[in-house]
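*Asks:* Residue numbers (the UniProt record's numbering), protein chains in the order written: chain L, 1 to 362; chain H, 1 to 362; chain E, 1 to 362.
Every residue, glycine too, gets a C-beta built ideally from N, C-alpha and C.
Following this message is one structure expressed as structure tokens.
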Amino acid sequence: MATPPPAWPRRLLPLSLGLFQGALLLFFALFVTYGEPSAQKEEANLVAKQVYSIFPFFQDIQVMLVVGLGLLLTFLPRYGLSALTHNFLLLNFSTQWALVLQGLLHHFHHGQVHLDLRNLLTAEFAAVTVVISVGAVLGRTSPFQLLVVAACEVPVYLASEWAIVTQLGVLDVGGTITIHVFSCYFGLGVSKALFGAARWTVHPKETPTPLSDLLSLVGTLILWVFWPSFVAVLCQPGDAQHRAILNTILAMSASAVTTVVASSLTERDGKLSPSHLQNGSLAGGVAIGAVADMALPPVAALALGSLSAAACVLGFRFLTPLLARKLALQDQCGIHNLHGLPGILGAAASAVAVLVTPEDTS
Amino acid sequence: MATPPPAWPRRLLPLSLGLFQGALLLFFALFVTYGEPSAQKEEANLVAKQVYSIFPFFQDIQVMLVVGLGLLLTFLPRYGLSALTHNFLLLNFSTQWALVLQGLLHHFHHGQVHLDLRNLLTAEFAAVTVVISVGAVLGRTSPFQLLVVAACEVPVYLASEWAIVTQLGVLDVGGTITIHVFSCYFGLGVSKALFGAARWTVHPKETPTPLSDLLSLVGTLILWVFWPSFVAVLCQPGDAQHRAILNTILAMSASAVTTVVASSLTERDGKLSPSHLQNGSLAGGVAIGAVADMALPPVAALALGSLSAAACVLGFRFLTPLLARKLALQDQCGIHNLHGLPGILGAAASAVAVLVTPEDTS
Amino acid sequence: MATPPPAWPRRLLPLSLGLFQGALLLFFALFVTYGEPSAQKEEANLVAKQVYSIFPFFQDIQVMLVVGLGLLLTFLPRYGLSALTHNFLLLNFSTQWALVLQGLLHHFHHGQVHLDLRNLLTAEFAAVTVVISVGAVLGRTSPFQLLVVAACEVPVYLASEWAIVTQLGVLDVGGTITIHVFSCYFGLGVSKALFGAARWTVHPKETPTPLSDLLSLVGTLILWVFWPSFVAVLCQPGDAQHRAILNTILAMSASAVTTVVASSLTERDGKLSPSHLQNGSLAGGVAIGAVADMALPPVAALALGSLSAAACVLGFRFLTPLLARKLALQDQCGIHNLHGLPGILGAAASAVAVLVTPEDTS
């Protein structure tokens, strides 16, 4: 699978993808409708209110995933255009695939599937796991291989999300465990499965240039700005959502500053490493997801943000080289440092918060 | 007009534009006011509610036009900065010009003109037609020539929009016919008028580089993300607006995937063409405008998105070279593939939908 | 201070910043909480409504400052990545520092500090003054020097804002005087203090390239699009906020067109100067802040936008070289042209408006 033969696989991508689009059309034709239009004026007002309350968040999340994450992945100069394209393709394919799987599950229990913005959003969350995971193998796979990864990961995510949230009752409004930790280890597994014990140089095509690092940092900044919407979109409107927004802003602000401190201390010449900035600044957003809407004091969000940024930078500096040396584990984007370590910190913080807090306030 | 003499036309741009700004100030001083401030608290709440319900959409559309479309046009490396600048200038000039014309028409019927966000929005829609049209002659005209095109196109658009929507009663909430089809053929006419039978090479300055294609694709992605706001902003709040948003998202997601399929099948080496991605991904948004708020099943939006993306890619591959060869028709950005063909498909879909649907539900 | 020794200062940045993060955590642990969760459903609805009414504006402003302003500062090609990074660091540090100072002031008067989106926003406004001021010394200072500037500027801003708004009762909803004029002259003072009478060439590292000018212009366009949110966020919801949005859009549209006129007339070859476009297009937004929510006729906003753009372009063409020659005053980004001159025009317009208007309507 790692080195596809040069002749027939060219057609593999369009044919499989075309087949999938056909199946999608068939599935939608048979099972999916919009809800009945509201008969009364009050219902119509309610729909309008719901649209206004979720749509701006939805757009923010779209910008994050399509533009922000796409740009973040362009740090390999000669692979930039492909990275942006593959990210866009994977987001769309995975969201459609998640809609089909969610729809099938729903159909068996309740009949006709009613599509709304909330369904689309949860399908998009499934797609997020795919685009995070494939960061581990950035620039080393064909688009067809990426589609195979997506086809496998989405159902596994849906099952694990169901197990963690519905069965175990874990609170995880921002997807720290269900999205970030899950997709990190899934992605590392994919990397191991595809490349086994092969030891490649860290960046196969070439090293980042100042310009590619700049564009990638712009992607980080877009993600950084809109992350509160990602964490808060599914919160209970009112205090819980307000708290989730504030906690995320505090955690990410602490991350940004702590990343500079940690990067400057660990780099030999005291300069800032672009990859530390590109990733560490976002670590607080990954970690805060599990506890964002809980009634914690603001200092907890700041501390969690600082701690996870420090873990992320130390991970880049010491853990990634170690894993590559000892386990021959390739992690091109450092997803273990951005999604793994901060995700585990966030999960631990969530456990502590649940133990400490006497009862849930939402 | 195609090859201006080198001496006096340098002053033509600032003098004519300065004159226009003076006339604009005069017109506003004489005729334009804001509405009277609301006397009662309930009215003030109503205004606040209207602002909150239209302003986020308005901002999304501004980002699309100023940043997204501007970047999309930067694919010619040495013309990138000019393309961004000219797009910005044309948007502002055309919006102001449309405000004057709309205001004059209104003034003759109702007296004083009250400016609000909705007026600004409809004026901006007139400006959209201009920036689409001039894509046909990208990089081949002076700014002054572009202003002349804008000065001519805005009144023609206003007349045609009045004829199509007010007189013929055509439903076209997303501007598929009134904006996209209109501006496509207007732009092709401009190209023919300016360059006649002259056969130029496809890209006069130079060919796109990976970096210029990347920046252009970022523009596409910004347009892709915010397109639902463009289609839905003028819909009836409630179910119709919700449907318009969902239909647009579905159509554009299908476009993105189908573009990859079609581009990969039609390119000899199976690689994806950047210009296909930059345009095909948006084809569904162009086509869906005419039917977005109708009570169609979701599968119709997916099918329309797929179909228009396929038409767009095939247009780039076969129709554009054919038109250039047979008719000596220059279309630099391929506006016929992105706005013409998908627009016609959308208009056809609208006709079918009106015939099939027994009555309008909104 | 201008030429730091090469050995120990490497550790100065992380150590001082790390110390500050520790102090911030301590301060938050001792004094800062979120407000009590609302006990009743109506209160919860009220909180939700407040969040929805301020959060979209807040996000727009974040995009402006983090992405827009960051990109605008990347016009020096070899300093682009640093400019983006330093802007991001300064925004976060200054916001946190302003939260501490605001909190201390509040604590002495009212006890516990309740953090909400509005506090964060006013702290961010303090940070804006810092990132404007350091534009005067862009590319010539170490990050540690920038932090020292920020540490000094934030308390001075808070004091001056209190004096101007609370004591003198000046109306300045968009921060024309309190933010733009203040930070301009503070920044010029910093430049003078750091570099004294040293006469450097205008761009120490290198001159802008078409690509760096393009990225910088993208930053301008992002600022241009979202500026209405910056001006209107703290307005009274309803008519005043609606007017503030409309006035800002009108002023900035006039600025964009007038910049082209003025730049084209003053440049010898009639071409447009990228730095004129990058700055002049925003001049109207700076000037309108002081009067945006007042009951002025729309023509006043247009005129103010045109006038301030003309002043900005003329400032770049004639005043900046003059100041550099006569006073040895270095102003790398031309903050005097973008924030000083238009700010003074806006303040003058505000004085005229207050004298002319018989009574305030809001």
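Comparing the C-beta of Arg243(L) with each C-beta of chain E, is any distance below 9 angstroms?
*Replies:* Yes, Arg243(L) counts as interfacial toward chain E.
*Asks:* Verify the CB distance criterion: does Pro228(L) have a CB-CB separation below 9 angstroms to chain E?
*Replies:* At least one chain E Cβ lies under 9 angstroms of Pro228(L).
*Asks:* Helix, strand or coil: how does DSSP classify Thr33(L) here?
*Replies:* Note: Thr33(L) maps to strand in three-state DSSP.
*Asks:* Measuring straight from C-alpha to C-alpha, what distance separates Leu304(H) and Leu121(L)?
*Replies:* Roughly 22 angstroms between the two C-alpha positions.
*Asks:* Of all Cβ atoms in chain H, is any one closer than 9 angstroms to the Cβ of Trp224(E)?
*Replies:* Closer than 9 angstroms: yes.
*Asks:* Within a Cβ cutoff of 7 angstroms, which residues of the same chain sit near His114(E), ignoring the five residues on either side of it in sequence?
*Replies:* The residues are Thr33, Tyr34 and Gly35.
*Asks:* How big is the Cα-Cα spacing for Gly174(H) and Val233(L)?
*Replies:* Roughly 27 angstroms separates the two Cα atoms.
*Asks:* What three-state label does DSSP hand Gly346(H) in the structure shown?
*Replies:* Note: Gly346(H) maps to helix in three-state DSSP.
*Asks:* Taking DSSP as the reference, what is the three-state secondary structure of Leu84(E)?
*Replies:* Residue state, collapsed to three classes: helix.
*Asks:* Given that Ile249(L) touches chain E, what residues does it touch there, using C-beta distances under 8 angstroms?
*Replies:* Per Cβ cutoff of 8 angstroms: Leu120.
*Asks:* Can you give the beta carbon distance from Leu154(E) to Val190(E), rounded, assuming they're within the 8 angstroms contact cut?
*Replies:* Note that residue 154(E) is Val in the sequence shown, not Leu. Actually they are not in contact, since the Cβ atoms of Val154(E) and Val190(E) sit about 13 angstroms apart, beyond 8 angstroms.
*Asks:* Take residue 363(E) and list the residues in its own chain whose beta-carbon comes closer than 8 angstroms to its own, dropping the five residues that flank it on each side.
*Replies:* Look at the range of chain E in this structure, 1 to 362, and you will see that residue 363(E) is not part of it.
*Asks:* DSSP three-state label for Val113(L), please.
*Replies:* Residue state, collapsed to three classes: strand.
*Asks:* Considering only their Cβ atoms, is the gap separating Ala292(E) from Arg325(E) smaller than 9 angstroms?
*Replies:* Not in contact: Arg325(E) and Ala292(E) (Cβ atoms no closer than 9 angstroms).
*Asks:* Between the stretch 8–18 of chain L and the stretch 260–280 of chain H, are three or more C-beta pairs nearer than 8 angstroms?
*Replies:* Yes, the stretch 8–18 of chain L touches the stretch 260–280 of chain H.
*Asks:* Work out the CA separation of Gln241(H) and Met294(H) for me, nearest whole Å.
*Replies:* Straight-line Cα distance between these residues: approximately 10 angstroms.
*Asks:* Taking only three categories from DSSP, how would you classify Gly187(L)?
*Replies:* Helix at Gly187(L).
*Asks:* I want to check one thing, is the minimum distance from the CB of Ser350(H) to the heavy atoms of the ligand SAM below 8 angstroms?
*Replies:* This structure lacks the ligand SAM, and indeed carries no ligand of any kind.
*Asks:* Would Gly111(E) and Phe27(E) be called neighbours here (beta carbons separated by less than 9 angstroms)?
*Replies:* No, the Cβ-Cβ distance between Gly111(E) and Phe27(E) is not below 9 angstroms.
*Asks:* Following the continuous alpha helix (DSSP H) through Glu42(E), name the residue where it begins and the one where it ends.
*Replies:* Lys41 to Gln62 is the span of the alpha helix (DSSP H), which, as asked, contains Glu42(E).
*Asks:* Please confirm if Pro204(H) has its CB atom under 9 angstroms from at least one CB of chain E.
*Replies:* For Pro204(H), the predicted structure reports a pLDDT of 49, less than 50, and the residue's modelled location is therefore unreliable. The matter cannot be settled from this model.
*Asks:* Find the residues of chain L that neighbour Gln59(E), judging by a C-beta separation of less than 9 angstroms, and give them in chain order.
*Replies:* What Gln59(E) touches in chain L: Pro56, Asp60, Val225, Phe226, Pro228 and Ser229.
*Asks:* Mark Asp239(H) as exposed unless 16 or more other C-beta atoms lie within 10 angstroms of its C-beta, in which case mark it buried.
*Replies:* The residue is buried, with at least 16 neighbouring Cβ atoms inside 10 Å.
*Asks:* Would His276(H) be called buried (16 or more neighbouring beta carbons within 10 Å of its own) or exposed?
*Replies:* Label assigned to His276(H): buried.
*Asks:* Is it right to say Asn92(L) is buried, meaning 16 or more other beta carbons lie within 10 angstroms of its own, or is it exposed?
*Replies:* By the 10 Å Cβ count, Asn92(L) comes out buried.
*Asks:* Relative to the C-alpha of Leu338(H), which residue among Thr209(H), Ser183(H), Ile164(H) and Ala48(H) is closest?
*Replies:* Comparing Cα positions, the closest option is Ser183(H).
*Asks:* Could you name the residues of chain H that Pro237(L) contacts, counting a contact when the two beta carbons are closer than 9 angstroms?
*Replies:* Here the premise fails: no neighbours, minimum Cβ distance about 15 angstroms.
*Asks:* My output table needs one value for Ala290(L): the three-state DSSP class, helix, strand or coil.
*Replies:* Ala290(L) falls in the coil class under three-state DSSP.
*Asks:* Output yes or no for whether 9 angstroms exceeds the beta carbon distance between Thr266(H) and Val313(H).
*Replies:* In this structure, Val313(H) lies closer than 9 angstroms to Thr266(H) by Cβ.
*Asks:* Which full runs of the beta strand (DSSP E) of 3+ residues lie inside the stretch 192–246 of chain H, going along the chain?
*Replies:* Qualifying beta strand (DSSP E) stretches: none in this window.
*Asks:* Looking at chain H, which residues of the stretch 60–74 of chain L have a Cβ within less than 8 angstroms of any of its Cβ atoms?
*Replies:* Going along the stretch 60–74 of chain L in chain order, one finds Gln62, Val63, Val66, Val67, Gly70, Leu71 and Thr74 with a Cβ nearer than 8 angstroms to chain H.
*Asks:* Run through DSSP, which three-state label would Lys271(L) get?
*Replies:* Of the three classes helix, strand and coil, the one that applies to Lys271(L) here is coil, per DSSP.
*Asks:* Do three or more CB pairs link the stretch 282–289 of chain E to the stretch 331–348 of chain E at distances below 8 angstroms?
*Replies:* Verdict: yes, contact present.
*Asks:* Look at the Cβ atom of Val51(L), then the Cβ atom of Ile344(H), and state whether they are nearer than 9 angstroms.
*Replies:* Taking 9 angstroms as the Cβ cut-off, Val51(L) and Ile344(H) do not qualify as a contacting pair.
*Asks:* Is the Cβ of Arg317(H) closer than 9 angstroms to any Cβ of chain E?
*Replies:* Not an interface residue.
*Asks:* What did DSSP end up calling Pro155(L) once you bin it into helix, strand or coil?
*Replies:* DSSP places Pro155(L) in helix when its eight states are reduced to three.
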